[in-house]
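Here's the structure we're looking at; comments come further down.
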Amino acid sequence: MSESFESLRAPEPVGAFPHAKRVGDLLFLSGIGPRKRSTKEIPGVTLDSEGNVVSYDIETQCRAAFENVCLVLEDAGATWQDIVDVTVFLTNMKKDFPIYNRLYAEYFAGPGKPNPTRTTIEVGSLPTPIAIELKVIAAVG
């Protein structure tokens, strides 16, 4: 048996899928980026009139994506501490990884933090003009 969850606070999914799905004691989050709910705004991204990325701030995007993950977890009955695995997609590993890695440690590693397993992958692009997306699994038993 599984149960799907839709957050009323996190940005709407960009396709026909739920924010999260619980199967047993595991909660699987769909890919979550830094977008804002009910707007086309992407924190840390400047677009030109044709929708092309002119510039972006990876630190702002990381913090917004982490906050969106937190919102989905909470709305699905989980907490940040329940995170057991994170897969991160970056569009520019060479440029963005050092900043992302520093922020990741701030949010995920160390005493009192979930310290999940992690995989970081560079991708050519993401479905919206974002530079980071997280895929998270939490244990909520």
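Using the numbering used here, the letters of the sequence shown map in sequence onto residues 731 to 871.
Even glycine gets a Cβ: it sits at the ideal position worked out from N, Cα and C.
> Can you tell me where the beta strand (DSSP E) with Leu-759 in it begins and where it stops?
Replying inline: 756-759
> Looking at the C-beta of Met-731, does it have a partner C-beta in chain D at a distance below 8 Å?
Replying inline: Absent from the structure: chain D. Only one protein chain is present.
> Can the beta-carbon of Val-814 be found closer than 8 Å to that of Pro-841?
Replying inline: no
>> In this structure, how does DSSP classify Ala-795 when only helix, strand and coil are distinguished?
In response: helix
> Between Leu-833 and Glu-789, what straight-line distance do the alpha-carbon atoms span, to the nearest angstrom?
Replying inline: 8 Å
>> Using 8 Å as the cut-off, can you tell me whether the region 851-865 makes contact with the region 771-790, which would need three or more C-beta pairs spanning the two stretches below that distance?
In response: yes
>> Just verifying my parser: in three-state terms, what is the DSSP assignment at Met-821?
In response: Strictly speaking, residue 821 in this sequence is Thr, with Met absent from that position. Coil at Thr-821, not helix or strand.
> Should Pro-828 be labelled buried (16 or more other beta-carbon atoms within 10 Å of its own) or exposed?
Replying inline: exposed
> For Lys-766 versus Pro-741, is the C-beta spacing smaller than 8 Å?
Replying inline: yes
>> Beta-carbon within less than 8 Å of Ala-869's beta-carbon, same chain only, minus the 5 sequence neighbours each way: which residues are those?
In response: Asp-755, Leu-756, Leu-757, Asp-812 and Val-814
> Around the Cβ of Asp-778, are there at least 16 other Cβ atoms within 10 angstroms (buried) or fewer (exposed)?
Replying inline: exposed
>> Starting from Thr-850, trace the beta strand (DSSP E) in both directions and tell me its first and last residue.
In response: 847-852
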